[in-house]
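Residue numbers (the UniProt record's numbering): 1 to 79.
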């Protein structure tokens, strides 16, 4: 089910959204919906990673890294 959200935005932002949506070949509504979804997903990911980092341990990281072999990386892994 769709909900309606009315927004007041500056004319300049409105124009940018219109142009970007047109370039993407989508409606302004779809463009704004995707932008909001992307922002929400980003914030949720940050929250998750911050919580996950609290459970991390430098000692455990170093123990895992110590198990890795000390060899040259494959050619495709080099910068």
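All residues carry an ideal CB built from backbone N, CA and C; glycine is no exception.
query                                                                                                                                                                    : result
Quick one: give me the first and last residue of the alpha helix (DSSP H) that residue 35 is part of.                                                                    : 28 to 54
Do residue 21 and residue 27 have their CB atoms nearer than 8 Å?                                                                                                        : yes
At the level of alpha carbons, what is the spacing between residue 56 and residue 17?                                                                                    : 40 Å
Mapping the DSSP letters down to three states, classify residue 18 as helix, strand or coil.                                                                             : helix
Return the chain-ordered list of same chain residues with a C-beta closer than 6 Å to the C-beta of residue 6, the five sequence neighbours on each side being excluded. : none
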